Amino acid sequence: MDIFQKAVKRKIRFQYNGVLTVEDLYDLRPKSLDELYRELAKNSNEGGEGLLDVSREETDNTLRMELVKAVFEDKAKDAERARKTMSTRAQKEKIREIIAEKQDGALRDKSLEDLRAMLEAEDEE
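Numbered by our numbering, the letters in the sequence shown go through residues 6 to 130 in order.
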């Protein structure tokens, strides 16, 4: 069972500026996710010392930490994909501009007679 299924089954909630559900985590900014994670990590160290002393709340807190980390990583991947997409679009636009400039340059290099012939050919079509 993955962590999101466990979260739904256990009805996991987060105390951060009110009560948040798992899906609310996706509305938080990376800095807020980091703050929440740090708070959860701080609270997880306050548990019992023995293996038998682990309470359900501590187990849920560990799950909360895993969830926040997973959402943070997912959002980071989305941001990286968006950055790459924007970079690719910018590169393609630059290439289109250069192609247009070269076509204009090639057209400028044609003789007056060639340009008139091209115009006449366009009019005939």
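In this text, a Cβ means the ideal position worked out from N, Cα and C, and glycines have one as well. Since we're looking at a predicted model, the values are computed, not measured.
For Lys14, the enclosing alpha helix (DSSP H) stretches over residues Ile8 to Arg15. One Cα belongs to Asp128, the other to Arg86, and the distance between them is close to 47 Å.
According to DSSP, residue pairing for Leu25 in a beta bridge involves Phe19.
For Arg43, the enclosing alpha helix (DSSP H) has its first and last residue at Pro35 to Ser49. Exclusion of the five residues before and after Leu72 leaves Ile8, Phe9, Ala12, Ile17, Val27 and Leu30 as the residues of its chain whose Cβ lies within less than 8 Å of its Cβ. DSSP, reduced to helix, strand and coil, places Ser116 outside both helices and strands of the structure shown, so it counts as coil. In this structure Met70 is buried. Its beta-carbon is surrounded by 16 or more other beta-carbon atoms within 10 angstroms. Using a Cβ distance threshold of 7 Å, Leu38 and Asn66 do not count as a contacting pair.
Phe19 and Leu25 have their C-alpha atoms roughly 5 Å apart.
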